[in-house]
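Trainee: Take this structure first; my questions come after.
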Amino acid sequence: TPEKGKFAIWFEEIFEQYRQKPEFNALYPFTALAAHSGYFSSDKQGHFKDSTEKGSADDNDTYALIMKDKERLLDPTVPLRFIFSHSALREGWDNPNVFQICTLAETTSELKKRQEIGRGLRLAVNDKGERVTDRNVNHLTIIANETYEDFAKTLQIEFEEQGIKFKTDMIHNERTKVTVRLKKGFNLAQRFTEL
């Protein structure tokens, strides 16, 4: 019978400690076990599954929610908030609501880094499927076992070469710049004064 590994145990202990604090206890009504059921999944009897066999029924059950039915993750009544996975952030997984990425293994491939980080750079989606443009919501935290400084600099240089400028308060796409010329007498128009 599979047992919880150390990451599952640590996660649940720390999660419950924080969930009991007054500033957090009203945010999440579910248990720590429900919060991270995507990776440490269990069957209907509560036994943990071995989802390492490719194509097994357990594997399909384990990843069905995060890979196929990910729209359900937008529903506040679905308790899953943390996904521990070695493969979900690679190609083929397109969930916009990734706010934290914690890398446990060093990433040597630039393409893999782009795929991992790219998952967290999408605008978030609310429970109605609408994009959220609030900067307080769209905030990505990366907890890495290696430095991403050189990677981030290279990526920014590439963006700037494509005409996207990084300013202190926001990103500007230089390709979308337009010159606006005001028509003579615009300030006398009734629609303008109403506006």
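In my numbering, the protein residues as written are 2 to 196. Glycine included, C-beta positions come from ideal geometry on N, C-alpha and C. Nothing here was measured: the structure is a model prediction, and the numbers come from that model.
#1: How close, in whole Å, do the beta carbons of residue 140 and residue 83 come, if the pair is a contact with beta carbons under 8 Å?
#2: Starting from residue 67 and walking both ways along the alpha helix (DSSP H), at which residues does that stretch end?
#3: Can you look up residue 114 in the DSSP assignment and give me helix, strand or coil?
#4: Expressed to the nearest angstrom, what Euclidean distance is found between the alpha-carbon atoms of residue 111 and residue 72?
#5: Rounding to the nearest angstrom, what Cα-Cα distance links residue 136 and residue 98 in this structure?
#6: Determine the extent of the alpha helix (DSSP H) in which residue 163 is found, giving its start and end residues.
#7: Would you mind giving the Cβ-Cβ distance between residue 126 and residue 81, rounded to the nearest angstrom? I have them listed as a contact below 8 Å.
#8: What are the boundary residues of the alpha helix (DSSP H) that includes residue 18?
#9: Can you list, in chain order, the residues of its chain with a C-beta nearer than 8 Å to that of residue 146? Leave out the 5 residues immediately preceding and following it.
#10: Quick one: what's got a C-beta closer than 6 Å to residue 56's C-beta in the same chain, skipping five residues either side?
#11: On a Cα-Cα basis, can you pick out the residue from 129, 133, 151 and 134 that is closest to residue 115?
Mentor: On the basis of the coordinates in this document:
#1: The residue given as residue 140 occupies position 139 in the sequence shown. The residue given as residue 83 occupies position 82 in the sequence shown. The pair is not a contact, with the Cβ atoms about 17 Å apart (cut-off 8 Å).
#2: Position 66 of the sequence shown, counting from 1, holds the residue named residue 67. From DSSP, residue 67 is part of no alpha helix (DSSP H); its letter is neither H nor E.
#3: The residue given as residue 114 occupies position 113 in the sequence shown. The answer is helix: DSSP assigns residue 114 an H, G or I state.
#4: Locating residue 111 in the sequence shown gives position 110, counting from the first residue. Locating residue 72 in the sequence shown gives position 71, counting from the first residue. Computed Cα separation, rounded: 29 Å.
#5: Counting from one through the sequence shown, the residue named residue 136 turns up at place 135. Counting from one through the sequence shown, the residue named residue 98 turns up at place 97. Those two C-alpha atoms are separated by around 13 Å.
#6: Taking the first residue of the sequence shown as position 1, residue 163 is located at position 162. Per DSSP, residue 163 lies in no alpha helix (DSSP H) segment and is marked neither H nor E.
#7: Your numbering for residue 126 matches position 125 in the sequence shown. Your numbering for residue 81 matches position 80 in the sequence shown. Wrong, their Cβ atoms sit about 15 Å apart, outside the cutoff.
#8: One-based indexing of the sequence shown puts residue 18 at position 17. 7-20 is the extent of the alpha helix (DSSP H) around residue 18.
#9: By 1-based counting over the sequence shown, the position of residue 146 is 145. Same-chain partners within the cutoff: 104, 105, 106 and 107.
#10: Residue numbering aside, residue 56 sits at position 55 when the sequence shown is read from its first letter. Residue placement at residue 56 cannot be trusted, given a pLDDT of 47 that sits under 50; what the coordinates show is reported in the next sentence. Closer than 6 Å at the Cβ level, and outside the excluded window around residue 56, lies no residue.
#11: The count along the sequence shown starts at 1 and reaches residue 115 at position 114. Closest option to residue 115, Cα to Cα, is 151.
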